[in-house]
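In this note's numbering, the protein residues as written are 7 to 106.
A virtual CB, placed ideally from N, CA and C, is assigned to each residue, including glycine.
Notes for the one structure printed next.
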Amino acid sequence: AKAEGRDIRVGRFQFGANGKAIALGEDQGFIKTILDKKTGQLLGAHMVGAEVTELIQGFVVAMNLETTEEELMHTIFPHPTLSEMMKESVLDAYGRALNA
């Protein structure tokens, strides 16, 4: 995104701040989202940690549908789950993470 000259927002969320990850003993890892600052479009995501191969498909679908940060922020992610970290990382890009 930077190489293309895009103005971006980046959100991050640590596994250690997620109750499900802690309960599973898998509190090491993070999710990072990259959003276009002007359009809000999800441009990419990085995930490191337990079960990320099960989570990444959510962002792949969102990118294929050209989902915006506002749409992701209004999506309901169940609690307690690892997937709620995806929403938290988007919220963090706007200083609105619930469980930082």
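Residue burial annotation: alanine 103 is buried, with at least 16 other C-beta atoms found within 10 angstroms of its C-beta. Taking every protein chain shown into account, the CB of glycine 50 has fewer than 16 other CB atoms within 10 angstroms, so this residue is exposed. The beta carbon of phenylalanine 19 lies closer than 6 Å to those of Ile37, Met91, Glu94, Ser95, Asp98 in the same chain, with the five residues before and after it left out.
Assigned with DSSP and collapsed to three states, leucine 49 falls in strand. The C-beta of asparagine 105 has fewer than 16 other C-beta atoms within 10 Å across all chains shown, which makes the residue exposed. Looking only at His52, Leu61, Glu72, Lys26, the smallest Cα-Cα distance to threonine 45 is reached by Glu72.
In its chain, beyond the 5 residues on either side, Lys38 have a beta carbon closer than 6 Å to the beta carbon of histidine 52. For the set Arg12, Thr87, Ala29, Gly31, the Cα lying nearest the Cα of glutamate 60 is the one of Thr87.
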